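Numbering (the numbering used here), first residue to last: 39 to 156.
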Ligand code: SF4
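Following this line, the structure appears as structure tokens:
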């Protein structure tokens with residue numbers, strides 16, 4: 039199986055082809071201009087990860103929600119589970135920028151961190 043994807047590791051955006059075997063292992067990467075692209079392609083095809091940015095409801099603050107993000111990228115397949123946990127949370131003001139509001143969300147190893155103060 040061959041998968042086509044665009045490298046987003048830098049603004050050049052090389053078009054890459056990733057050949058995978060039946061065990062879904064990467065056999066070859068072509069079209070990349072550098073090693074970063076090869077690594078991006080391997081990660082994207084075997085364990086894609088994303089930063090999650092959203093908001094959490096705030097109790098007693100000047101704003102009804104606080105913007106948050108994961109401290110590190112999380113597996114793409116865990117996005118909905120993490121969003122469900124975040125949507126069930128209400129945090130109390132005051133909240134400082136950088137404050138950890140949820141530790142190790144859904145056992146991903148990532149914390150949910152406030153990106154602004156409320
Ligand atoms: S392969 Fe290298 S040069 Fe091409 S987009 Fe990715 S990081 Fe940039």
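Every residue gets a Cβ at the ideal spot worked out from N, C-alpha and C, and that includes glycine. Keep in mind it's a predicted model, so treat the numbers as computed, not measured.
Residue 125, DSSP secondary structure in three states: helix
Can you give me the C-alpha to C-alpha distance between residue 103 and residue 49, rounded to a whole angstrom? 33 Å
Less than 7 Å separating the Cβ of residue 70 from some heavy atom of the ligand SF4? yes
Note down, one range per segment and in chain order, each alpha helix (DSSP H) of at least 4 residues found wholly within the region 49 to 133. Fully enclosed alpha helix (DSSP H) runs of 4 or longer: 73 to 84 and 117 to 125.
Taking the alpha-carbon positions, what's the residue 55 to residue 42 distance? 5 Å
Can you tell me which of 90, 64 and 97 puts its alpha carbon nearest to the alpha carbon of residue 78? 64
Taking the straight line between their C-alpha atoms, what separation do you get for residue 51 and residue 44? 6 Å
Residue 87 vs residue 105 beta-carbon contact at 8 Å: no
Nearest-angstrom Cα separation, counted from residue 81 out to residue 73: 12 Å
Determine, using beta carbons only, whether residue 133 and residue 156 come nearer to each other than 8 Å. Taking 8 Å as the Cβ cut-off, residue 133 and residue 156 qualify as a contacting pair.
Whole angstroms are fine: how far does the CA of residue 84 sit from the CA of residue 58? 10 Å
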